[in-house]
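Here the structure comes first, spelled out in structure tokens, and everything after it is commentary.
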Amino acid sequence: RRVEWTGGALLARAAAFREGLRRRGLAAGERVALWAPNLADWVALDLAAFAEGVVLVPIDPRAAAEERARIVADADPALLVVSGEASGAAPPGGARPCVALAALAREGSSWSAPRPARGDEPATIIYTSGSSGEPKGTVLRWQNLEFMLSHTEDRLAQLTGLPAGAERALHFLPLCYAGSRILLWSALLRGARLTLLRDPRRLAACAPEAAPDYFLCVPLILDRLRAAACSALSARVPRLAPLLRRGLLACERIERGEGRWRDRLALALCRRLVLDRLRARLGGRLRGLICGSAPLRPDTQRFFHAAGIDVYQGYGLTETTALCTLDRPHAVRPGWVGHALPGVELRLADDGELLARGPNVFAGYWRRPAATRAAFDGEGWFRTGDLAEVDAAGRWRILGRKGALLVLSTGHNVAPEPVEEALRAALAARDGAWAEAQPVVFGHGRPHLAALVAPPPDAAIDPATLADAIEEVNAVRSPKEGIHAHRLLAEPFSCENGLLTPNLKLRRSAIAARYASLLASLYEEAAAARAP
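Counting from 649, one number per residue, gives the positions in the sequence shown under this note's numbering.
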């Protein structure tokens, strides 16, 4: 159901929620948990909580019941607000006060000046996804938000080149995440016409009408758009597939500064005959996409660039108010996540871990002093847990999670993410529909790497082609990074089967536990094959 709101209507609704919070006796600093999908009322309550100094604790509507219950128990909110559209399951919270989102509003109040807030006061508590353990509440202060919004507002202006009030934005990622909320507030501050989607699967259907200038996405969404475009091309006009490959190669050469007139002509023809259809299906106005949450493959980033759609990568965590780096227009390097934001300091520890310091770094974890102390080194630098490198121009690249580092029984250390990315790229090069394949590499304490490969949701992978792709990867990587055992799985990883987090990251420990016997048999078979 499509509902349109003006800016005035949104403020009036926020005023109604402010009155509802007052009538419930909520004072500044008290916590209110919100469990709801992307709705205009979600945004209105968020604005109301800020204006009253109430600390909103958003809960992902897709989170499993056990995780929701843990978050509510840990946050201990004075009030739990739920939407009937959040889930068919009973809301978390037990006997604590609970109210329906729509029922909280009390109409008839007018918007008044927000309560003044000190910079060091908590503004919101956002729980991490819990992909490697118990979810922790990240306390973000007003000064964190003010710093970040000043930079994201400026960057949106650079990205679109449009004056405030002239932009159109599409928003479909859950508002409970830091990056999603930062972009929401930035769009509101710039007076953008904002289309909110409750279901990311509606992106392709709604984009033509929304006609956005930009939207925030995760790599998996771009992989799916790319796979759909390649599948449609193969089905509709298969003879144009070579033109697409030629155009993408030309785009890569042009990026490296090696392009000639033939490359520029090939890219122009590829856009005109193939890739302009993708741009049209996304509304025809796109000036750029912002991508974060996980590494984006360079070939996927280059695919959109070839279509005339720049993809700007950002890097950050909930603890850094969503961002530490963000690509600058006209300074994008595929596979890298841009320069540090002004005012944010980044450096590498001796072991290669990326450390961050600045006004974007959080105050600490809610009621977890030991975890807060462990998150910082002795000089006050926040330990991101990510391995990284920096180029001569100051752009950063994320190499993988420090905690995911595999130590083989040979003594070699291997970061799994680059190996997984190489295999995904090799599969995508063979068939664009395979861009959504999800390889996971294992090998901690083992003599070599083994890979489990989950197929794309809507495409089958030929086992012989997978074996060929693995041989290609092994041929260009060092022996310690070679994949010497593999298995093609029957089903994709998903949130529903518990193998992806709600923001679509791999749950490595859950995958390892689910397929423990399969992994053991792979290593046994490999050992037997090597035995004399």
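Using N, Cα and C, we set each Cβ at its ideal position, and we do this for glycine too.
Exercise for review: Consult DSSP for E1065 and reduce its assignment to one of helix, strand or coil.
Suggested key: helix
Practice item. Decide if the region 762–779 is in contact with the region 696–713; the criterion is three or more beta carbon pairs, one per stretch, under 8 Å apart. Key: yes
Check your understanding: Does DSSP put L797 in a helix, a strand or coil?
Key -> helix
Practice item. Consult DSSP for E667 and reduce its assignment to one of helix, strand or coil. Key: helix
Point to revise | 7 Å Cβ shell around C878 - same chain, five flanking residues per side excluded | key: G1080, A1081
Check your understanding: Helix or strand or just coil, what does DSSP make of A721?
Key -> helix
Review point. Can you name, in chain order, every residue of its own chain whose Cβ lies under 7 Å from the Cβ of S779, other than the five neighbours on each side?
Key: Here S779 scores only 44 on pLDDT, less than 50, and its place in the model should not be relied on; the value that follows carries that caveat. Taken in chain order, the residues that qualify are T1149, K1153, R1155.
Check your understanding: Going straight from the alpha carbon of L1071 to that of A663, what length do you get?
Key -> 52 Å
Exercise for review: Kindly provide the ranges of any beta strand (DSSP E) runs that are 3 or more residues long and lie completely inside the region 1069–1127, ordered along the chain.
Suggested key: 1086–1090, 1097–1102
Check your understanding: If V730 and W690 are in contact, beta carbons under 8 Å, what's the gap, nearest whole angstrom?
Key -> The pair is not a contact, with the Cβ atoms about 11 Å apart (cut-off 8 Å).
Check your understanding: So, helix, strand or coil for I957, using DSSP?
Key -> coil
Exercise for review: Between the Cα of A676 and those of D975, E700, L669, spot the shortest distance and give me the residue it belongs to.
Suggested key: E700
**Study point:** Cβ separation of C939 and P867, assumed to be a contact under 8 Å, to the nearest whole Å
**Key:** 6 Å
**Study point:** Of the listed residues E678, G673, E715, nearest to G1146 (C-alpha basis)
**Key:** E715
Review point. With a CB to CB cut of under 7 Å and the five nearest residues on each side skipped, what residues in its chain are close to P1105?
Key: E1084, P1140
Point to revise | Nearest candidate by alpha-carbon position, reference A1041, set A1063, A979, P1087 | key: A979
Check your understanding: If you drop the 5 nearest sequence neighbours on each side, which residues of the same chain put their C-beta closer than 8 Å to that of A988?
Key -> C972, T973, L994, G1042, W1044
**Study point:** Endpoints, the alpha helix (DSSP H) within which A814 is located
**Key:** Unbroken run through A814: none, as it is neither H nor E.
Exercise for review: Give the single residue among R849, L915, A660, A805 whose Cα lies nearest to the Cα of A876.
Suggested key: R849
Check your understanding: In its own chain, which residues sit with a C-beta less than 8 Å from the C-beta of L888, not counting the 5 before and 5 after it?
Key -> L881, L921, V922
Practice item. State the CB to CB distance for the pair A1099 and H1134, rounded to an integer number of angstroms; the pair is presumed to be in contact (CB under 8 Å). Key: 4 Å
Practice item. Under 6 Å Cβ to Cβ from A688, same chain only, skipping five residues before and after it: list those, please. Key: W653
Point to revise | Straight-line gap, L915 to F952 (C-alpha atoms, nearest Å) | key: 12 Å
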